[in-house]
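Structure record follows, encoded as C-alpha cells.
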Amino acid sequence: MAATFTLSAFGDEIADDLATQLDVLASDGVRHLELRGAWGKNVLDLDREELRRARALLDERGFGVSAIGSPIGKSHLDRPPEFELERLERAAQACDALGTRNIRIFSFYVPAGRADEHREEVLARMGRLAKRAGELGVQLLHENEKEIYGDTGERCRDLLESIGSPALRMAFDPANFVQCGVRPMDDAWPLLAEYVTHVHIKDAVFADGSVRPAGQGDGAVPQLLHELVARGYQGFLTLEPHLQIAGPAGGFSGETGMRGAIGAPRKLLRPLAGKGQ
12 MAATFTLSAF GDEIADDLAT QLDVLASDGV RHLELRGAWG KNVLDLDREE LRRARALLDE
72 RGFGVSAIGS PIGKSHLDRP PEFELERLER AAQACDALGT RNIRIFSFYV PAGRADEHRE
132 EVLARMGRLA KRAGELGVQL LHENEKEIYG DTGERCRDLL ESIGSPALRM AFDPANFVQC
192 GVRPMDDAWP LLAEYVTHVH IKDAVFADGS VRPAGQGDGA VPQLLHELVA RGYQGFLTLE
252 PHLQIAGPAG GFSGETGMRG AIGAPRKLLR PLAGKGQ
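Numbered according to this note's numbering, the sequence shown spans residues 12 to 288.
Written out as C-alpha cells, the structure reads:
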C-alpha cells in the first residue's frame, strides 16, 4: 500500500485567535488542525459554546481536526488519578464536538533519574486511561517528551507493550527524543515503529537541544519520512515547530515560522514523490 501523508499543525503556534490560525494554514494548503489552544485557552478549558464556535469555524473553512492536543499526563504523580481521568472525559467531549477520535497524551512527570521507581504507578494510571478511552471510543496517542516516564524508546515501548491496549498508540516526536539524548531513528524507531500511528514534525540538535526546522537538526527527519513510506504509513504529519518559544505547555513559531515549517517537510518529501503524498 502506498503511503499517504496528510499535513496538520498546532495552529496556536501561529496566534491565539482560531480564525487567524485557520487562515494562515489554509493559505499554505494545510487543511487539518491539531487543536491545543484557541482564544488563549487550552482545548480542555473550552466550554460547550466555544467548542460549537470552533466547529463552525472549522466547517466554514473546510478543516478537519487531526487530534485533540491535550495536556493529559503532563502532571505529577502526587495528583490523584481522577485528575487525568476527568480531563480525559473533557477531551472525549471535545472529540465529539470537533469530529476526531484522536487525543494526544503524555505519561506523567517523574523525578530525574528515578523513572524506574515509578514504573508501576505510571503503568497503573496509563492503563486506567487506556481502559476508559476504549470505553469512550477514542484513541490515545502517547507523545514521547522530556521529563516524563516515556522519554526514551525503551520506556515508551514498555508502556505500550505492558498495557497492550489498542486504544493506546504512539505519537512519534523526533525532536523530543533528541532533547533526551536519544537518536530517534537508531535508538527509538526500531522499538516503536509497530505502534506509531501519528507523527510530529519537529527537529532539534543534540548540542543544546534547540529546535530547528525539519531536516536541519539531528532528528533524522528525512530518514523518518523514508521509513514511513516504506511501511505504507497512512496518517498525519503534524507540524509542531516551536521555532520561537518552546515550553512545557506548548510553543510558538509565529506566522512566518509556521510558513517555513510547512515548507520543510514538503521539500523533504519531494524525492519520495509517487510513494507518499
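For every residue, glycine included, the Cβ atom is placed at its ideal position computed from N, Cα and C. Here the structure is a predicted model, which is why all the values come from computation and not from measurement.
At the level of alpha carbons, what is the spacing between residue i and residue j?
{"i": "Gly192", "j": "Ala204", "result": "19 Å"}
{"i": "Ala14", "j": "Asp56", "result": "35 Å"}
{"i": "Gly220", "j": "Val189", "result": "7 Å"}
{"i": "Asp28", "j": "Trp50", "result": "5 Å"}
{"i": "Leu62", "j": "Ile116", "result": "20 Å"}
{"i": "Arg130", "j": "His87", "result": "13 Å"}
{"i": "Glu238", "j": "Ala102", "result": "31 Å"}
{"i": "Gly317", "j": "Ala65", "result": "Here the chain covers residues 12 to 288 and nothing more, so residue 317 does not appear."}
{"i": "Leu44", "j": "Gly271", "result": "17 Å"}
{"i": "Arg180", "j": "Gln104", "result": "20 Å"}
{"i": "Arg90", "j": "Gly175", "result": "25 Å"}
{"i": "Val54", "j": "Leu69", "result": "14 Å"}
Who are the near neighbours of residue i in its chain, counting only those whose CB is closer than 6 Å to its CB and skipping five residues on each side?
{"i": "Gly228", "result": "Asp214, Ala215 and Val216"}
{"i": "Phe183", "result": "Val207 and Val210"}
{"i": "Leu283", "result": "Val240"}
{"i": "Val134", "result": "It is worth fixing the name first, because residue 134 is Leu in this sequence and not Val. Closer than 6 Å at the Cβ level, and outside the excluded window around Leu134, lie Ser173."}
Between which two residues does the beta strand (DSSP E) containing residue i stretch?
{"i": "Asn113", "result": "Asn113 to Ile116"}
{"i": "His43", "result": "His43 to Leu46"}
{"i": "Ala186", "result": "Not the beta strand (DSSP E): Ala186 falls in the alpha helix (DSSP H), residues Pro185 to Val189."}
Taking the beta carbon of residue i as the centre, do at least 16 other beta carbons fall within 10 Å, making it buried, or is it exposed?
{"i": "Ser77", "result": "buried"}
{"i": "Gly84", "result": "buried"}
{"i": "Glu60", "result": "exposed"}
{"i": "Glu172", "result": "exposed"}
{"i": "Ala67", "result": "exposed"}
{"i": "Arg281", "result": "exposed"}
{"i": "Gly40", "result": "exposed"}
{"i": "Asp58", "result": "exposed"}
{"i": "Ala231", "result": "buried"}
Keeping to the same chain, check which residues put their C-beta closer than 8 Å to that of residue i; ignore five residues upstream and five downstream.
{"i": "Ala178", "result": "Ala141, Lys142, Ala144, Gly145, Val149, Gln150 and Leu151"}
{"i": "Ile25", "result": "Thr31, Gln32, Val35, Leu36, Ser264, Gly265, Glu266 and Met269"}
{"i": "Pro233", "result": "Gly226 and Leu279"}
If I measure Cβ to Cβ from residue i and keep anything under 7 Å in the same chain, skipping five residues before and after, which residues do I get?
{"i": "Arg112", "result": "Cys106, Gly148, Val149 and Gln150"}
{"i": "Arg166", "result": "Ala126 and Tyr160"}
{"i": "Phe74", "result": "Leu33, Arg42, His43 and Leu44"}
Just checking residue i against the ligand SAH - is the residue's beta carbon closer than 8 Å to any of the ligand's heavy atoms?
{"i": "Arg115", "result": "For the ligand SAH, the structure offers nothing, since it holds no ligand at all."}
Quick check on the DSSP output: the alpha helix (DSSP H) that includes residue i runs from which residue to which?
{"i": "Val173", "result": "Position check: residue 173 holds Ser in this sequence, whereas Val was assumed. Here the alpha helix (DSSP H) through Ser173 covers Gly164 to Ile174."}
{"i": "Ala272", "result": "Gly265 to Leu280"}
{"i": "His237", "result": "Val232 to Ala241"}
{"i": "Ala123", "result": "Segment: none, Ala123 is in no alpha helix (DSSP H) and carries neither H nor E."}
{"i": "Leu203", "result": "Trp200 to Leu203"}
Worksheet item: Would you say the stretch 155-166 touches the stretch 118-132, given that touching needs at least three Cβ pairs under 8 Å?
Response: Yes, the stretch 155-166 touches the stretch 118-132.
Worksheet item: At a cut of 8 Å, does the stretch 90-99 reach the stretch 32-49 through at least three beta carbon pairs?
Response: no
Discussion item. Measuring CB atoms only, is the stretch 231-251 touching the stretch 13-30, in the sense that at least three cross pairs come out at less than 8 Å?
Written reply: yes
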